[in-house]
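In the working numbering, the protein residues as written are 7 to 218.
C-beta atoms are modelled at their ideal positions from N, C-alpha and C, and glycine is treated no differently.
It should be emphasised that the depicted structure is a prediction, and the values quoted were computed from it without experimental measurement.
Written out as C-alpha cells, the structure reads:
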C-alpha cells in the first residue's frame, strides 16, 4: 500500500498581538462544508494548547484560552475571554458571549446561544436535533439558549429549543427538557424548579447569598 502525508492547506488567519499556540495545535483548519469563509479571526492575547483544532470561518474575541484537544468549528461568533477546557467541542454556527467558561469533556451542538458569563461544569451535553434520523432534521435544528450568568452543573444534558434563565443554577446530573425561569435552582430528571437562588445559603457561612 502506498501512502503519503501532504501538508494541509490552512485558511487565512487574522490574529491579534500576543497570539500563542503550541506546535501541535492546528489553527485555521478548513471546513469540509461548502460556502464557508476561509478567514479565521482571533483577538489579542490568545493561548491555544496542544491537540486543539480551530476551524477557519469563525470570529473570536480577545483573551481566548483553551485546554488540550479542544475543537472550535466554523461559523462561530465568540466574545472576549472565552475559556474552553480539555476535550470539549464547540460545533458550528454557535453564538457565545463574553467571559464564558466551558469546562472539560463538554459538547455544544450547532446553533446554540450562550450569553455572557455563563459557566458549564465538566461533562455537560447540549443537543439540537428534535428529529434524529429524519431527512429534514437539519431544517429544524436549534440548540438551547443559555441566558446571562446561568450555571450548569456536572453531567447535565440540555435538549433542543429550551431556554435557561438568567443566573439560574442547574444541579448536577439533571436533564433539562423545558424552559427554566431566571434566578432559580433547578435539578432532577426532568429538571424542575426547587428554590429561588435568593433563598440559598452558603454551607460554610461565608456569604449570605452566595449565588446572587
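For residue j and residue i, the rounded distance between their alpha carbons
{"i": "residue 100", "j": "residue 78", "result": "10 Å"}
{"i": "residue 185", "j": "residue 170", "result": "6 Å"}
{"i": "residue 36", "j": "residue 112", "result": "23 Å"}
{"i": "residue 107", "j": "residue 33", "result": "20 Å"}
{"i": "residue 85", "j": "residue 212", "result": "32 Å"}
{"i": "residue 161", "j": "residue 193", "result": "12 Å"}
{"i": "residue 44", "j": "residue 136", "result": "30 Å"}
{"i": "residue 159", "j": "residue 145", "result": "30 Å"}
{"i": "residue 110", "j": "residue 98", "result": "18 Å"}
{"i": "residue 181", "j": "residue 198", "result": "9 Å"}
{"i": "residue 152", "j": "residue 90", "result": "16 Å"}
{"i": "residue 168", "j": "residue 18", "result": "36 Å"}
{"i": "residue 41", "j": "residue 82", "result": "15 Å"}
{"i": "residue 140", "j": "residue 118", "result": "20 Å"}
{"i": "residue 50", "j": "residue 68", "result": "5 Å"}
{"i": "residue 126", "j": "residue 73", "result": "15 Å"}
{"i": "residue 130", "j": "residue 164", "result": "8 Å"}
{"i": "residue 209", "j": "residue 157", "result": "18 Å"}
{"i": "residue 11", "j": "residue 80", "result": "Reliability of the predicted coordinates at residue 11 is poor, the pLDDT of 48 falling under 50, and no value is obtained from them."}
{"i": "residue 105", "j": "residue 93", "result": "19 Å"}
Residues bridged to residue i (per DSSP)
{"i": "residue 202", "result": "190"}
{"i": "residue 152", "result": "120, 170"}
{"i": "residue 82", "result": "According to DSSP, residue 82 bridges with nothing at all."}
{"i": "residue 209", "result": "None, per the DSSP bridge assignment."}
{"i": "residue 182", "result": "164"}
Supposed contact pair residue j and residue i - C-beta distance, whole angstroms, cut 8 Å
{"i": "residue 149", "j": "residue 138", "result": "At roughly 14 Å, the Cβ-Cβ gap does not stay under 8 Å, so residue 149 and residue 138 are not in contact."}
{"i": "residue 22", "j": "residue 62", "result": "The pair is not a contact, with the Cβ atoms about 16 Å apart (cut-off 8 Å)."}
{"i": "residue 30", "j": "residue 56", "result": "4 Å"}
{"i": "residue 233", "j": "residue 27", "result": "A question about residue 233 goes unanswered here, because the residues of the chain that appear run from 7 up to 218."}
{"i": "residue 95", "j": "residue 66", "result": "Between residue 66 and residue 95 the Cβ distance is about 15 Å, and since that is not below 8 Å, they are no contact."}
Coil, strand or helix - residue i by DSSP
{"i": "residue 144", "result": "helix"}
{"i": "residue 89", "result": "strand"}
{"i": "residue 68", "result": "coil"}
{"i": "residue 136", "result": "coil"}
{"i": "residue 175", "result": "strand"}
{"i": "residue 112", "result": "coil"}
{"i": "residue 95", "result": "strand"}
Limits of the unbroken beta strand (DSSP E) element including residue i
{"i": "residue 30", "result": "Counting along the chain, residue 30 falls outside any beta strand (DSSP E), and DSSP gives it neither H nor E."}
{"i": "residue 46", "result": "45-48"}
{"i": "residue 16", "result": "Run containing residue 16: none; DSSP gives neither H nor E here."}
{"i": "residue 59", "result": "59-61"}
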